[in-house]
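Q: Numbering (my numbering), first residue to last: 53 to 112.
Glycine residues also receive a C-beta, built at the ideal position from the N, C-alpha and C atoms.
On a predicted model such as this, the values are computed, not experimentally measured, just so you know.
Got a structure for you, questions after.
Structure follows, in structure tokens:
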């Protein structure tokens, strides 16, 4: 969804498997940047560490 869409009443019928292809044609793949644009989260991670959060045993 686009942020503007959260400012009005949301109709769940507008966001179904039947409507997704029309939405992608109209707006493009809104999630694409999350897969292609790298983000620097080192500041965020440092903030967590400073608050006592540590890597889990499963982290690499």
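(1) Do the CB positions of residue 54 and residue 82 come within less than 9 Å of each other?
(2) Along the chain, where does the alpha helix (DSSP H) that runs through residue 79 open and close?
(3) Spatial neighbours of residue 106 within its chain, please: CB distance less than 6 Å, with the 5 preceding and 5 following residues excluded, ordered by chain position.
(4) Taking the straight line between their C-alpha atoms, what separation do you get for residue 91 and residue 85?
A: According to the structure shown:
(1) yes
(2) 72-79
(3) none
(4) Taking the straight line from one Cα to the other gives about 10 Å.
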